[in-house]
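Novice:
2 protein chains.
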Amino acid sequence: MIMEPRLYTTSADYVYQELRHRIITKQLKPGQRLPEVNIAVQMGVSRTPVREALRRLASEGLVLIIPNSGARLASPTRREMEDTYAVREQLECISVAIAATRISERNLRRLEDAILEEEKAFEEKNLELYLEVNENFHRIIADASGNRVLAEFVENILARTNAYVVFYDPFYDIVDNPSIAQHKAIAQALKERDREKAVDLMREHLKLSLYDLNKPS
Amino acid sequence: MIMEPRLYTTSADYVYQELRHRIITKQLKPGQRLPEVNIAVQMGVSRTPVREALRRLASEGLVLIIPNSGARLASPTRREMEDTYAVREQLECISVAIAATRISERNLRRLEDAILEEEKAFEEKNLELYLEVNENFHRIIADASGNRVLAEFVENILARTNAYVVFYDPFYDIVDNPSIAQHKAIAQALKERDREKAVDLMREHLKLSLYDLNKPS
DNA sequence: ACATGAATACATGCATGCTATCACATATCT
DNA sequence: AGATATGTGATAGCATGCATGTATTCATGT
Numbered sequence: 146m147i148m149e150p151r152l153y154t155t156s157a158d159y160v161y162q163e164l165r166h167r168i169i170t171k172q173l174k175p176g177q178r179l180p181e182v183n184i185a186v187q188m189g190v191s192r193t194p195v196r197e198a199l200r201r202l203a204s205e206g207l208v209l210i211i212p213n214s215g216a217r218l219a220s221p222t223r224r225e226m227e228d229t230y231a232v233r234e235q236l237e238c239i240s241v242a243i244a245a246t247r248i249s250e251r252n253l254r255r256l257e258d259a260i261l262e263e264e265k266a267f268e269e270k271n272l273e274l275y276l277e278v279n280e281n282f283h284r285i286i287a288d289a290s291g292n293r294v295l296a297e298f299v300e301n302i303l304a305r306t307n308a309y310v311v312f313y314d315p316f317y318d319i320v321d322n323p324s325i326a327q328h329k330a331i332a333q334a335l336k337e338r339d340r341e342k343a344v345d346l347m348r349e350h351l352k353l354s355l356y357d358l359n360k361p362s
Numbered sequence: 146m147i148m149e150p151r152l153y154t155t156s157a158d159y160v161y162q163e164l165r166h167r168i169i170t171k172q173l174k175p176g177q178r179l180p181e182v183n184i185a186v187q188m189g190v191s192r193t194p195v196r197e198a199l200r201r202l203a204s205e206g207l208v209l210i211i212p213n214s215g216a217r218l219a220s221p222t223r224r225e226m227e228d229t230y231a232v233r234e235q236l237e238c239i240s241v242a243i244a245a246t247r248i249s250e251r252n253l254r255r256l257e258d259a260i261l262e263e264e265k266a267f268e269e270k271n272l273e274l275y276l277e278v279n280e281n282f283h284r285i286i287a288d289a290s291g292n293r294v295l296a297e298f299v300e301n302i303l304a305r306t307n308a309y310v311v312f313y314d315p316f317y318d319i320v321d322n323p324s325i326a327q328h329k330a331i332a333q334a335l336k337e338r339d340r341e342k343a344v345d346l347m348r349e350h351l352k353l354s355l356y357d358l359n360k361p362s
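Protein sequences, first through last, are from chains A and B.
Quick note, my numbering runs 145 ahead of the 1-based positions in the first sequence.
Quick note, my numbering runs 145 ahead of the 1-based positions in the second sequence.
1) If I'm right that residue 203 (chain A) touches residue 210 (chain A) with Cβ under 8 Å, what's the distance once you round it to whole angstroms?
2) Please say whether residue 286 (chain A) and residue 244 (chain A) have beta carbons closer to each other than 7 Å?
3) My guess is that residue 195 (chain A) and residue 344 (chain A) are in contact by the Cβ rule of under 8 Å, so how many angstroms apart are they, rounded?
4) Please confirm if the stretch 212-230 of chain A is in contact with the stretch 262-274 of chain A, defined as three or more CB-CB distances below 8 Å between the two stretches.
5) Considering only their Cβ atoms, is the gap separating residue 184 (chain A) from residue 311 (chain A) smaller than 7 Å?
6) Are the beta-carbon atoms belonging to residue 277 (chain B) and residue 325 (chain B) less than 7 Å from one another?
7) What in chain B is Cβ-close to residue 206 (chain A), meaning under 8 Å?
8) Taking the C-alpha atoms as reference points, what is the distance between residue 260 (chain A) and residue 165 (chain A)?
9) The stretch 222-234 of chain A: which residues have C-beta closer than 7 Å to a C-beta of chain B, in chain order?
10) I'd like to check one pair, residue 160 (chain A) with residue 198 (chain A): are the Cβ atoms closer than 7 Å?
11) When the Cα atoms are used, what is the spatial distance from residue 229 (chain A) to residue 250 (chain B)?
12) Compute the Euclidean distance between the alpha carbons of residue 354 (chain B) and residue 340 (chain A), then round it to the nearest angstrom.
13) For residue 194 (chain B), go through chain A and note every residue whose CB falls closer than 8 Å to its CB, in chain order.
14) Less than 7 Å between the C-beta atoms of residue 205 (chain B) and residue 192 (chain B), yes or no?
15) Just curious, the alpha helix (DSSP H) that residue 208 (chain A) is in, first and last residue?
16) Would you call residue 201 (chain B) buried or exposed, if buried means 16 or more other Cβ atoms sit within 10 Å of its Cβ?
17) In its own chain, which residues sit with a C-beta less than 6 Å from the C-beta of residue 226 (chain B), not counting the 5 before and 5 after it?
18) On the CB-based measure, 16 or more other CB atoms within 10 Å of its CB, does residue 237 (chain A) come out buried or exposed?
19) For a test of your reading of the model: does the CB of residue 310 (chain B) fall under 6 Å from any non-hydrogen atom of the ligand NAD? Yes or no.
20) Mind listing the chain A neighbours of residue 236 (chain B)? Cutoff is C-beta to C-beta under 9 Å, in chain order.
21) Mind checking if residue 113 (chain B) is an interface residue toward chain A, Cβ cutoff 7 Å exclusive?
22) To the nearest angstrom, report how far apart residue 146 (chain B) and residue 330 (chain A) are at their CA atoms.
23) Chain A partners of residue 197 (chain B), CB-CB under 9 Å?
24) Classify residue 255 (chain A) as buried or exposed, calling it buried when 16 or more other Cβ atoms lie within 10 Å of its own Cβ.
25) Among A:307, A:163, A:346 and A:328, which has the Cα closest to the Cα of residue 253 (chain A)?
26) Select from B:267, B:207 and B:265 the residue whose C-alpha is nearest the C-alpha of residue 303 (chain B).
27) At 4 residues or longer, and completely inside the stretch 318-346 of chain B: list those alpha helix (DSSP H) runs for me, N to C.
28) Looking at chain B, is there any beta carbon in it that lies within less than 7 Å of the beta carbon of residue 246 (chain A)?
29) What are the residues of the stretch 153-185 of chain B that lie near chain A, defined by any Cβ-Cβ distance shorter than 9 Å?
30) Report the rounded CA-to-CA distance for residue 307 (chain B) versus residue 322 (chain A), giving the unit in angstroms.
31) State buried or exposed for residue 268 (chain A), treating a residue as buried only when at least 16 other CB atoms are found within 10 Å of its CB.
32) Please classify residue 235 (chain A) as buried or exposed, where buried requires at least 16 other C-beta atoms within 10 Å of its C-beta.
33) Can you confirm whether residue 239 (chain B), when its beta carbon is compared against all beta carbons of chain A, has any partner nearer than 7 Å?
34) Strictly below 9 Å CB to CB, what residues from chain A border residue 212 (chain B)?
35) Note down, in chain order, each residue of its chain lying with its Cβ closer than 7 Å to the Cβ of residue 176 (chain B), except the 5 sequence neighbours on either side.
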């Protein structure tokens, strides 16, 4: 694996991004062991940055580290998945509620741009890109809340749930996904500064996402 | 610094605990630089476990790491503190709401034990111990929610807020602290399975905690 | 006096070798 | 046969040296 020149600030960051890429593209399977040397050799770095990346992923719940034993990719149960969405709902609803009262014009534009990019990824049927810009939509809202800590927590939970989509929705049908329409509605509610509507729409949106994960594929 | 035999599973964990101890006991000041070698020499370990501990603290918002530059202890603004409490309120209120419907007898007893220990620390005027058992009270409730992810997030935010108490309430008067009475009321509401009351009490409790931090000392 | 730039000191980033620990298989004893 | 003890392989944990990047200082020039 050739490391692009200077695309990442540190090797640890490179390994982290690359591991996430491999998770999203299903090159890694839930429960799979992730030996440090293994990854280090594959990515052309030493074990040190690999360790760091693994621990970062562990803090996002994507990797399970057992002391003196090793790391393996998480294999969340349905229960854990539901639990995660329960937390996500809390955090994102408060997030969008605050954002509704104070979102800037600039962030409203960023939201619209994000939706445009979602549509592009949708047309291209590029799942990885789609997940990325989808994540971005939610990130912008968390950001617009002006609450840094909240945004940090949302960031963490987005990392988890995005992986879950890949883990448990192997035939995830990007064609039928109604997320974009829901995103448009949320963006509109934010534009109108309609707090109640924005919160209700977000709640509904997340409930449906979870439903999508639960439905048999 | 002598490392007690086998009290910690790894050196990294030891350094992490020790750093937290030094934060709580005000041996470290907000904004202070935390050079790896420095800490490593003081604690009789190498830089590797120190790096790991620092990054863990960074994920809890207690340490700020600037790539290629170094780590320093966080110096949260009042705004950040309020933001943190806003998140904490969301997480702990949902936590106690769920706990009210399903808390086990065993966890109810653990809550009562925790309150007893709080009273003991209170009498001894042992701030560090008090913070620890106080944290424990909230941890048990998060645990009782049965939502592992939620408990994990609460754990993270407890680490933050406990440090804030030390950072911004230097003359924190443990004598006047009404927390224990509030904890008793919350435990009682949980015992009665009164969801509404438990949530209201928790919200009030956290609001007052934040107020305590804001009041001039 | 101020701005600019080079040199230097210092801290982190990373690689690598050694050690401790765990898991598993094999052997031994009851 | 079952349980316990022992040995072996593999992997994570840690220490350390070197490379790289950053910040500071001081000299130089305008």
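For glycine and all other residues, C-beta sits at the position ideal for the given N, C-alpha and C.
Specialist: Walking through what the data contain:
1) 5 Å
2) yes
3) At roughly 41 Å, the Cβ-Cβ gap does not stay under 8 Å, so residue 195 (chain A) and residue 344 (chain A) are not in contact.
4) no
5) no
6) no
7) 294 and 297
8) 23 Å
9) 225, 228, 229, 231 and 232
10) yes
11) 25 Å
12) 28 Å
13) The premise fails here: residue 194 (chain B) is roughly 11 Å from chain A at the closest Cβ pair, so nothing lies under 8 Å.
14) no
15) Taken as a continuous stretch (DSSP letters only), residue 208 (chain A) belongs to no alpha helix (DSSP H), being part of the beta strand (DSSP E) at 208-211.
16) buried
17) 309
18) buried
19) Ligands in the displayed structure: none, and consequently the ligand NAD is not present.
20) 232, 235, 236 and 298
21) Since the first and last residues shown for chain B are 146 and 362, residue 113 (chain B) lies out of range.
22) Note that residue 146 (chain B) scores a pLDDT of 40, beneath 50, so its modelled location is shaky; the value from the coordinates is reported in the next line. When rounded, the distance between both Cα atoms is 59 Å.
23) 196, 197 and 200
24) buried
25) A:328
26) B:207
27) 324-336
28) no
29) 154, 155 and 158
30) 43 Å
31) exposed
32) buried
33) yes
34) 154, 155 and 158
35) 217, 218 and 220
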